[in-house]
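Chains as they are written, first to last, in my numbering: chain A, 1 to 532; chain B, 533 to 839; chain C, 840 to 1169; chain D, 1170 to 1467.
A quick write-up on the structure given underneath.
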Amino acid sequence: MKKFAVLLLVLAMVFSFAACGGEKDTQVDVEPGLLRVAMLSDMATMDVAQTTDDYFVPMNVFDRLFEVKVVGDGVTDIVPSLVDTYSAADDSVTYNFTLKEGLKFSNGSALTASDVQFTFERLLTAGGVNDDIPLEVLGAAELQAGTADTLAGFVVADDLNFSITLAAPNAGFIAELTSPAISIVDKETFSEGFGMKIEETIGSGPYKVTEWVVNDHYTLEYNENYWGTAPTATKVVVNIVPDPSTQNLMYQNGELDMIDLGELDTSIVESTYKTKYADKIITSRRVGLTYFAMNANDEYLSDINVRKAIQMAVDRDAIVAGIFNNQATVEHGIIPAGVWGYNEDITKIPYDLEAAKQLLTDAGYAEGEVTIEIAMDSTSSSGTQLVIQVIQQNLIAAGINAQIKTYDESSWLALRNSGEMDCFVATWTMDYNDPANIMYTFYGSEAKTKIRSLNYADTEVMARVAAASSIIDDDARRAEYQALEEIIVIEDAAWLPLYENTHLFAIGDRVADFTPHWAGYTNFYAIDMIMK
Amino acid sequence: MLKSIASRIGQTLIVIVGVAMLIFFLLRIVPGNAVATMMSEHADAATIARISAELGLDKPWYVQFWIYITGALHGDFGTSYALHRPVKELLLLSFPNTVKLAVLAALVAWIIGVLAGIVAAQKKNGFLDRIFMGFSLLGVSMPVFMVAMILQYTIAYKLHWLPISGGDSLKCFILPAIALGWNSAGSIARLTRSTLLEVLQEDYIDTARAKGRSQMGVIVLHALRNAMLPVLTMMALQLSSLLSGAVITETVFGINGIGRLAVDAISGRDIPLLQGTVLFTTVLVVLGNLVADCLYTVLDPRIRKEA
Amino acid sequence: MEQEYTLQIENLRSSFLTDNGEVKAVNEVSINVPKGSIVGIVGESGCGKSMTARSVMRLLKYPGKIMGGSILLEGKDLTQLSEKEMQSVRGGEISMIFQEPMTSLNPVVKVGKQVSEAAMLHQNISAAEAKELVLEIFRRVGISEAEKRYESFPHQLSGGLRQRVMIAMAMICRPKLLIADEPTTALDVTVEAQILKLMKQLRDETGMSIIIISHNLGVIAELCDYVYVMYAGRVVEEADVFTLFESPRHPYTKGLLNSVSALELEQERLETIPGSVPNLRRLPAGCAFCARCAYAMEYCPEQLPQLQEVAHGHRVRCHLVEGGAANGEE
Amino acid sequence: MHEEQLNPTLHSEEIIGEAETFKNQLLRLKRENKLAVFSAFVIFLFILAAVFAPLLTPYGYADEDIMNRLQPPSSEHWLGTDDAGRDVFTRLLYGARISLAVGIIPTMISILFGAMVGIIAGFVGGKVDAVIMRIADVMLAFPSMLLAMVIMYTLGDGIINIFLALALVNWASVARVVRSETLALKKSEYVEAARCIGVKQRVIMMRHILPNCLPSMIVLFTLNIPSSILAESSLSFLGVGIQLPQAAWGLMVNTGRQFFYSHPWLSLAPSIAIMIIVMAFNFLGDGLRDVMDPHLKK
């Protein structure tokens, strides 16, 4: 018993020690111009042909022909980057470009039109994951199939001038060229080690990679050959810190100059950041949306009444308020806010539990008869997992027997790609600022709706989605997309939009200002980070 | 002696082969298509098939096993699905960090454990004994992650004495080492105390005292050496549990070590990486035990004679 | 005649202080060791003889403690010394050898080192000098191939050799007093004789005093000049060796002698003392032996007999001798 | 023989004898080791909590209340609510089920299986022994955490798979201990005698060897429970064990971890629960070992 008393004493000591300790500021000597940030996981490659996630190096080490610039609150503009001037033919099929003069890669070799050509051809032939945009160019299919040696639609006139001819008209092509996927690489020095070895990954952007310790950190330093204004952050160290709460502590400890608050629970953002660091928070729209997918091939979900009931049963306002502390906005369509073509006036799905119940009863379903399975990816963020749980409760309240089943990431993907998944919650973030990016990806063809387990049935609508990108007149194109959106969401009740997140960052004392990526990516342009 | 060491080496080889086989077969019955994960959003069936072929996943299991074994013998553990790098390279990169962590943790554990054990044995049933044994029991009973979190909170976050997360400098390894060593320190303290108490009952301790040795002299020169034999065995066993704990410590403190590599490999369903990590670590433990055995033979003349 | 004593133990009391109270293991014991003499302490297991010896060394095992009395080594009271001073006495002025030569040597240290350690602790000499000293003493205690043995580990030696090593260790600093706690009990008879001979010879050569603790009266008879018989923590009889063996007065001493002679005469029936050593926690107020004593009287369990001098140097603690009744007893 | 026998601290050894029954041992444990008795009481409380969890709390372990997430402790929610608005106290009670089950069931499986294998290896000897012990060596070579992780990876999440994984990780050490005891027992007279009169091997193993291995099996059982509990909590902490919305302590620590600095009770409460139950089992195991098997002291 005496032993036990001593143990208690020891315990008390440990916890009192844990509880004590005063706050004080750490004065760490950091070299000027050094930007310290953290990412949850290391990049798999620096080669944009091989990744759709690891865009940090492509965005900062490479340049694109055009960039999206944030010109005001939620207002963006497409500006030429490597391109000096360009012109589009009236049919939106052929585009002529002139590059800026005197462009150089970080190794000193000149950036010419043939490097752009090489970039396009390589994306098609490298067997990578980012061939969507080059595939639109005339002759892309032949090049990829091996029946042609060159990309027919890409014509190099001289070092500065080239033209691109598309297979079909696309008014959004220039917007697409801002995608990090079209990062221009150097034809002369391109090698086997591209993307994996820092000395062989050469770009023309403001930075070059000088160090990459896998799973630990990588370092970007100012590229003296950069054609634009020099960044104030002359050196960027990206630490790999897999745990968000550790990142949180590191930021508070002054070990990070910027933290991505999107990885932290909203309650922490609310209790810590909105109080202690309120003036440090940078807000950005995460352009894209989280949606609830309903598989039209499912026994119950094939009934539009069930889909409509589900649409009305989910309390999206409560989700946005309860889980995200209003750090999100409810979405009503497919084209998210912040994207060109967003329709503020789309018919809104109401939250009406009673109407949902009534609809099911009227359709002849008994309470609990409708059974659906919501598939959850075990690696999805805790926020998404909570959302799924709330939806489940909403549906149960409406008399729908909703079950959550957890899958590991690869099983989840395999099931979804097979078109057999009942329901799931996922988020789409825009790659470029054009409705085609989401409309075509989800509803562009039968195959595309199948791979997302939507199995949308109306082939006519899908044909119209595919054709919409070739409408040259912007107003007509916008009207067509909005009409299609209304059909899919409201008439067919095929889609349940949930919300668009707001992406918060907090900057440290050493940072003066920061402009996040226009679509609120976690990856950012380090040149837009203004150091003190 | 040489003969016994030789037979130990023989046994060790058998164990290593067994370990390699077990890992291989455990990981081939895995659900989920790793390639699909690796390619994530944009993969179509053709791409998956092509990459599977590149990685040799379409071959029959015995061919895969042969590739795996011959590769492992050459130190080639394949290429990580997720990180696109040779597993060997990743292992060699993380290995020094884990070694640093494990060595520091072992130092913490042994120094604290042995000292606390000695003091406790000295003051048997006294106040210090109770305090130390209380702490050691706490050490054995506290989950590693709890110690790690509390240390991170107090020392790094509240007091700002040490950095919160990983890094290269030795300073960054102090907290993780304490978190990891704490657990072992508890069991080492308990064992040191009990063996020391046992050894102090031995007649030769009386002999040493009768010679005029001081209490400290008796403990250090006569008792400790005998008491350390079982403790040494335990230390070898601790290597295994240290590496187990390193998985958690490295995750909490964000150290780029082998343990975190294993966790990453699991969450990324990165079979070559997981295979390589576990094989590498286990072989390390087996070799560590071999060394400890040989050391034991050298330290204890009685065994030396029998051999 | 003024007798010179190496060691004088006076009214020594040592106890085990347990959670359940004090256990008096050594009770008012007085023992005198004249210079150059060999004194024996006999008694059954648990009578307090080893405890007495350990008290002299101040090496009582936990929870043992010296409660009172004095231990004078050539006039210096050991009970008053600091632990540090005591350390220089141990091994330097008083040495001790133990019963189990098998376990009394550190198994992982070479025996030569263990002996030279003793030398270096008390004499300001180098390791090389100490080794010389060890080799010399090894030869003196009859260890052949001293060089080779120096490098041996204890398990490589026979029991007799190990006890010789122990003796060498004890002798290396030329102590004034050697305490041997059952030095030959674990050895076989021929080896025992050799060891006893060696001890006697060493005494003769160096003039040191020896305390031998044994339950074996044969050993006592062979070696000792004076004998103390202990029972349940007290001295019950003391005399020079001839007197004790010729005319024992205490019934316990007689019992001990009888059991030995019974063995020697190979009698059919072994004569032993009935009963067993009493539990020290439950000692009677009077004579501790009364429960086993054939001559016990009514008041024996009540009254503690005093040590009576019955002849010069012969003292007995028994009611039988007090009233003179014991005289005509046989 | 000398005075040391008198040493009263060793007094109790007098009554350690072959014939001491299990009941007597328990009585002696009760008499001599108050701490072990107290630990048993604590464990009993945890068992009660686990069994009667539905009666002790008005909430379900998976009941979410998104509008009341991350509430501080209050009279309604004794330990507050977690990030999904689930009652932490409720989850703690239900978590006791998993921890106790994970402590006891896989340990039981591994003890039974390990003992069976160990007895067979020790008794039959020869090639069987060599093969079994090499397999055991292979199992023991792995850092247990890694092996459990790999097994969980292969089997997938879920409590049954945790049982299997932990049992697979632990049987080998049991087999080793039991084998060496069997080897000793094999040489004993009564086994020799039984062999001489032609008793079948299987019968000897069941009737003579198994019962004699029981004390060390019981001790191993109590001592392996805490390590199983810790192992499960570590697995769940790493996300390869029990999955949400199940309530397991390690999982609760993991999900509460990101709130450690703002809502510390979320991860502290389950951490302390783990610590207390592990400590209780350790004390009880130590106590049992002392009364039942003085030789097993490591």
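Ideal Cβ placement from N, Cα and C applies to all residues, glycine included.
(message) Using the three-state DSSP reduction, which class does asparagine 437 of chain A fall into: helix, strand or coil?
(response) What you label residue 437 of chain A is simply residue 437 of the first sequence in a count that begins at 1. Three-state DSSP puts asparagine 437 of chain A in a helix.
(request) Measure from the C-beta of isoleucine 1235 of chain D to each C-beta in chain A and report whether the shortest distance is under 7 Å. (result) Locating residue 1235 of chain D in the fourth sequence gives position 66, counting from the first residue. Isoleucine 1235 of chain D has a beta carbon lying within less than 7 Å of a beta carbon in chain A.
(request) For leucine 1198 of chain D, name the three-state secondary structure that DSSP assigns. (result) Indexing the fourth sequence from 1 puts residue 1198 of chain D at position 29. Leucine 1198 of chain D falls in the helix class under three-state DSSP.
(request) Mind listing, in chain order, the continuous alpha helix (DSSP H) runs of no fewer than 4 residues lying wholly within the segment 639 to 670 of chain B? (result) none
(request) Going by DSSP, name the residue or residues bridged to aspartate 298 of chain A. (result) Indexing the first sequence from 1 puts residue 298 of chain A at position 298. Looking at the DSSP output, aspartate 298 of chain A bridges to nothing.
(message) Counting only Cβ pairs nearer than 7 Å, list the residues of chain A close to leucine 1239 of chain D.
(response) For the purposes of this step, residue 1239 of chain D is identified with residue 70 of the fourth sequence, where counting begins at 1. Correct list: Ser267.
(message) Just to confirm the assignment: which complete alpha helix (DSSP H) runs, minimum length 4, are found wholly within the segment 225 to 311 of chain A?
(response) 244 to 252
(message) For a cutoff of 7 Å on Cβ pairs, would you count histidine 692 of chain B as touching chain C?
(response) As a position in the second sequence, residue 692 of chain B is number 160, starting the count at 1. False, the Cβ-Cβ gap to chain C never drops below 7 Å.
(message) On the DSSP letters alone, give me the boundaries of the alpha helix (DSSP H) that serine 1268 of chain D sits inside.
(response) In the fourth sequence, counting from the first residue as 1, residue 1268 of chain D sits at position 99. That run of the alpha helix (DSSP H) goes 1257 to 1293.
(request) Note down, in chain order, all residues in the segment 935 to 958 of chain C with a beta-carbon under 7 Å from any beta-carbon belonging to chain B. (result) Met935, Phe937, Glu939, Thr942, Ser943, Leu944, Asn945, Pro946, Val947, Glu956, Ala957
(request) Hey, could you find the ends of the alpha helix (DSSP H) lysine 888 of chain C is sitting in? (result) As a position in the third sequence, residue 888 of chain C is number 49, starting the count at 1. It spans 888 to 896 - the alpha helix (DSSP H) in which lysine 888 of chain C sits, taken as one unbroken run.
(request) Would you check if the distance between the CB atom of aspartate 593 of chain A and the CB atom of serine 378 of chain A is smaller than 7 Å? (result) Since the first residue shown for chain A is 1 and the last is 532, residue 593 of chain A is missing from the structure and cannot be characterised.
(message) On the DSSP letters alone, give me the boundaries of the alpha helix (DSSP H) that phenylalanine 324 of chain A sits inside.
(response) Walking along the first sequence from the start, residue 324 of chain A turns up at place 324. No alpha helix (DSSP H) contains phenylalanine 324 of chain A, which DSSP labels as neither H nor E.
(request) Assuming aspartate 257 of chain A contacts leucine 35 of chain A (C-beta within less than 8 Å), just tell me the rounded distance between them. (result) Sequence index remark: in the first sequence, residue 257 of chain A carries index 257 (1-based). Sequence index remark: in the first sequence, residue 35 of chain A carries index 35 (1-based). Yes, they are in contact, since the Cβ atoms of aspartate 257 of chain A and leucine 35 of chain A sit about 5 Å apart, within 8 Å.
(message) Would alanine 1205 of chain D and glycine 1410 of chain D qualify as a contact pair, given that the criterion is a beta-carbon distance under 7 Å?
(response) Reading the fourth sequence from its first residue, position 36 is the one you call residue 1205 of chain D. Reading the fourth sequence from its first residue, position 241 is the one you call residue 1410 of chain D. No.
(request) Compare the C-beta of phenylalanine 677 of chain B with all C-beta atoms of chain D and state if any pair is closer than 7 Å. (result) Walking along the second sequence from the start, residue 677 of chain B turns up at place 145. Closer than 7 Å: yes.
(request) Please list, in chain order, all residues of the same chain as isoleucine 374 of chain A whose beta carbon is under 8 Å from its beta carbon, the five residues on each side excluded. (result) Indexing the first sequence from 1 puts residue 374 of chain A at position 374. If we look at isoleucine 374 of chain A and ignore the five residues flanking it on each side, its Cβ neighbours are Ile388, Ile391, Gln392, Ala402, Gln403, Ile404, Lys405, Asp422, Cys423, Phe424, Val425.
(message) For chain A, check one thing: does any of its Cβ atoms lie closer than 7 Å to the Cβ of serine 697 of chain B?
(response) Translated into positions along the second sequence, residue 697 of chain B becomes position 165. Yes, its Cβ sits closer than 7 Å to a Cβ of chain A.
(message) Is there a C-beta anywhere in chain B that falls below 7 Å from the one on glutamine 926 of chain C?
(response) Looking up residue 926 of chain C in the third sequence gives position 87. It does: the Cβ of glutamine 926 of chain C has a partner Cβ on chain B nearer than 7 Å.
(request) Decide yes or no for the touch test of the segment 336 to 350 of chain A against the segment 292 to 299 of chain A: beta carbon pairs closer than 8 Å, at least 3 of them. (result) no
(message) I'd like to know if the segment 751 to 759 of chain B and the segment 946 to 960 of chain C are in contact, where contact means that at least 3 CB-CB pairs between them fall below 8 Å.
(response) yes
(request) Between the Cα of tyrosine 1070 of chain C and those of C/Glu1044, C/Glu1061, C/Ser1086, C/Asn1118, spot the shortest distance and give me the residue it belongs to. (result) As a working mapping, residue 1070 of chain C is identified with position 231 in the third sequence. That would be C/Asn1118, whose Cα lies nearest to the Cα of tyrosine 1070 of chain C.
(request) Give the secondary structure of arginine 1376 of chain D by DSSP, where H, G and I count as helix, E and B as strand, and everything else as coil. (result) As a position in the fourth sequence, residue 1376 of chain D is number 207, starting the count at 1. In this structure, arginine 1376 of chain D counts as helix in the three-state DSSP scheme.
(request) Compare the beta carbon distance of proline 1090 of chain C and leucine 1096 of chain C with 7 Å and say whether it is the shorter of the two. (result) Working through the third sequence from its first residue, we reach residue 1090 of chain C at position 251. Working through the third sequence from its first residue, we reach residue 1096 of chain C at position 257. Taking 7 Å as the Cβ cut-off, proline 1090 of chain C and leucine 1096 of chain C do not qualify as a contacting pair.
(message) Below 8 Å, how does it come out for the segment 759 to 779 of chain B and the segment 630 to 641 of chain B: are there three or more Cβ pairs, yes or no?
(response) yes
(request) Scan the segment 871 to 952 of chain C and note each continuous alpha helix (DSSP H) run of 4 residues or more that stays entirely inside, going in chain order. (result) With a minimum length of 4 residues, the continuous alpha helix (DSSP H) runs that stay inside the segment 871 to 952 of chain C are 888 to 896, 922 to 928.
(message) Between the segment 85 to 103 of chain A and the segment 466 to 479 of chain A, can you find at least three pairs of beta-carbon atoms closer than 8 Å?
(response) yes
(message) How far does the beta strand (DSSP E) with aspartate 53 of chain A in it extend, from its first residue to its last?
(response) Numbered from 1 along the first sequence, position 53 holds the residue referred to as residue 53 of chain A. It is not in any beta strand (DSSP E) - aspartate 53 of chain A carries neither H nor E in the DSSP assignment.
(message) Residues of chain A with CB closer than 7 Å to the CB of leucine 1453 of chain D, please, in chain order.
(response) Counted from its first residue, the fourth sequence places residue 1453 of chain D at position 284. By Cβ distance, chain A contributes nothing, its closest Cβ being about 13 Å from leucine 1453 of chain D, past 7 Å.
(request) Please decide whether glycine 875 of chain C counts as near chain B, where near means a Cβ-Cβ distance under 7 Å. (result) Looking up residue 875 of chain C in the third sequence gives position 36. No, glycine 875 of chain C does not count as interfacial toward chain B.
(message) On a Cα-Cα basis, can you pick out the residue from C/Leu1000, C/Val1074, C/Met925 that is closest to methionine 896 of chain C?
(response) The sequence position of residue 896 of chain C within the third sequence is 57, counting from 1. Here the closest residue by C-alpha is C/Met925.
(request) Keeping to the same chain, check which residues put their C-beta closer than 8 Å to that of valine 185 of chain A; ignore five residues upstream and five downstream. (result) Indexing the first sequence from 1 puts residue 185 of chain A at position 185. Correct list, in chain order: Phe62, Asp115, Phe118, Thr119, Arg122, Phe194, Ile202, Gly203.
(request) Look at the alpha carbon of alanine 1231 of chain D and the alpha carbon of tyrosine 1322 of chain D, and state the distance between them as a whole number of angstroms. (result) Here residue 1231 of chain D corresponds to residue number 62 of the fourth sequence, with the count starting at 1. Here residue 1322 of chain D corresponds to residue number 153 of the fourth sequence, with the count starting at 1. Spanning the two alpha carbons is a distance of roughly 25 Å.
(request) Can you check the segment 95 to 163 of chain A for any alpha helix (DSSP H) of at least 4 residues that lies completely inside it and give the ranges in chain order? (result) If only uninterrupted alpha helix (DSSP H) runs of at least 4 residues are considered, those enclosed by the segment 95 to 163 of chain A are 113 to 125, 140 to 145.
(request) Could you tell me whether any Cβ in chain C is nearer than 7 Å to the Cβ of threonine 765 of chain B? (result) By one-based count along the second sequence, residue 765 of chain B stands at place 233. No, because no Cβ of chain C sits closer than 7 Å to the Cβ of threonine 765 of chain B.
(request) Quick one: residues in its chain with C-beta nearer than 7 Å to the C-beta of lysine 1355 of chain D, no 5 flanking neighbours on either side, listed in chain order? (result) Numbered from 1 along the fourth sequence, position 186 holds the residue referred to as residue 1355 of chain D. So the qualifying residues of the chain are Gly1291, Phe1292.
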